[in-house]
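Q:
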Amino acid sequence: MGNHGKKAYVNGAIIAVNIIYFLFLEITGSSLNTGFMVKRGAMYAPLILQYGEYYRLLTSVFMHFGIGHLINNMLVLFVLGDNLERALGKVKYLIFYLLCGIGANIISLAVNMGRGYYVVSAGASGAIFGVVGGLVYAVAVNRGRLEDLSTQQLMILVAVTLYHGFTSTGVDNAAHVGGLLIGIFLGMIFYRKPGKNKRCIYNAENKEW
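Quick note on numbering: the UniProt record's numbering labels position 209 of the sequence shown as 209, and the sequence is numbered without any gaps.
1. Skipping 5 residues on each side, what residues in its chain have a beta carbon closer than 6 Å to that of D172?
2. Who pairs with Y44 in a beta bridge, going by DSSP?
3. Closest to K7 by CA distance: which of G134, G183, N83 and P194 is it?
4. Name the two residues that bound the continuous alpha helix (DSSP H) containing Q142.
5. Would you kindly report the start and end of the unbroken alpha helix (DSSP H) that includes N18?
6. My guess is that M74 and R40 are in contact by the Cβ rule of under 8 Å, so how many angstroms apart are they, rounded?
7. Is DSSP giving L149 helix, strand or coil here?
8. Can you tell which of F65, G68 and I128 has its C-alpha closest to the C-alpha of F96?
9. Measuring only the C-alpha atoms, how far is H164 from N11?
10. Kindly indicate which three-state DSSP category G89 falls into: helix, strand or coil?
11. Does DSSP put N197 in a helix, a strand or coil?
12. Which of the three DSSP states is assigned to T169 in this structure?
13. Straight-line CA distance for I67 to F22?
14. Using the C-alpha atoms, what's the distance from L186 back to E53?
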């Protein structure tokens with residue numbers, strides 16, 4: 001059956017955490033209330049840089065502004081995350097996802113501070129763009145296809161999503177582009193093409209490798 005039949009438990013767990021945290025936010029307040037989201041761990045530069053609340057670089061990755069924001073991100077993660085988890089393995093995928101999310105937030109923070117913007121941001125999109133970046137690299141290494149994904153499909157997805165981001169208001173494009181680039185870079189480090197490092201075994205009886 002190969003890797004395609006393996007269950008992607010980590011990706012499912014990540015989606016579950018996002019949904020559970022969203023329900024918690026809605027029960028205790030409102031995910032559309034900016035002040036409330038800041039209190040619960042959203043990204044806000046002054047609190048990170050002046051008060052050392054670096055945990056926000058991670059907690060904000062699992063927070064979403066409204067049900068639509070959550071659904072859009074989780075659908076993309078559901079469709080694509082399984083592929084990358086099977087390609088990397090469970091532990092590597094979890095580390096990869098978290099590093100992409102945190103890295104995208106750091107880039108977003110630097111870009112917005114450079115522009116003098118003090119924005120409140122949250123969402124899994126930086127990490128998800130990282131997943132897309134990792135898949136772009138894995139697909140390229142596998143000559144344009146990984147399971148049911150092709151280079152063309154991924155490029156169309158990246159182009160449409162980035163276009164939507166740059167033509168819409170309230171979208172953290174720095175996190176999107178940053179996540180994508182980090183994902184490609186980490187893909188080069190984490191991903192190994194199947195069979196590339198397999199040892200050759202000599203069959204003494206048949207005198208062949």
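For every residue, glycine included, the Cβ atom is placed at its ideal position computed from N, Cα and C.
As the structure is a computational prediction, the values presented were derived from the model and not from experiment.
A: In short:
1. Taking the first residue of the sequence shown as position 1, residue 172 is located at position 172. For D172, where only same-chain residues beyond five positions count, the Cβ hits under 6 Å are S108 and S121.
2. Residue 44 sits at position 44 when you count from the first residue of the sequence shown. Bridge partners of Y44: V120.
3. In the sequence shown, residue 7 corresponds to position 7, counting from 1. Answer by Cα proximity: N83.
4. Taking the first residue of the sequence shown as 1, we reach residue 142 at position 142. One detail in the question is off: residue 142 reads as Asn in this sequence, not Gln. From DSSP, N142 is part of no alpha helix (DSSP H); its letter is neither H nor E.
5. Position 18 of the sequence shown, counted from the first residue, corresponds to residue 18. N18 -> alpha helix (DSSP H) spans Y9 to T28.
6. Position 74 of the sequence shown, counted from the first residue, corresponds to residue 74. Position 40 of the sequence shown, counted from the first residue, corresponds to residue 40. The pair is not a contact, with the Cβ atoms about 19 Å apart (cut-off 8 Å).
7. On the sequence shown, position 149 is the one that residue 149 refers to. If DSSP states are grouped into helix, strand and coil, L149 belongs with the strands.
8. Looking up residue 96 in the sequence shown gives position 96. Out of F65, G68 and I128, I128 has the C-alpha closest to the C-alpha of F96.
9. In the sequence shown, counting from the first residue as 1, residue 164 sits at position 164. In the sequence shown, counting from the first residue as 1, residue 11 sits at position 11. Cα-Cα distance, rounded: 25 Å.
10. On the sequence shown, position 89 is the one that residue 89 refers to. Coil at G89, not helix or strand.
11. As a first step, residue 197 is located in the sequence shown; it is residue number 197 there, counting from the start. Confidence at N197 is low in this model, with a pLDDT of 47, below 50, so its placement is unreliable and no value can be given for it.
12. One-based indexing of the sequence shown puts residue 169 at position 169. Here T169 sits in coil by DSSP.
13. Here the question's residue 67 lines up with position 67 in the sequence shown. Here the question's residue 22 lines up with position 22 in the sequence shown. Taking the straight line from one Cα to the other gives about 8 Å.
14. Reading the sequence shown from its first residue, position 53 is the one you call residue 53. Reading the sequence shown from its first residue, position 186 is the one you call residue 186. Approximately 26 Å between the Cα atoms of the pair.
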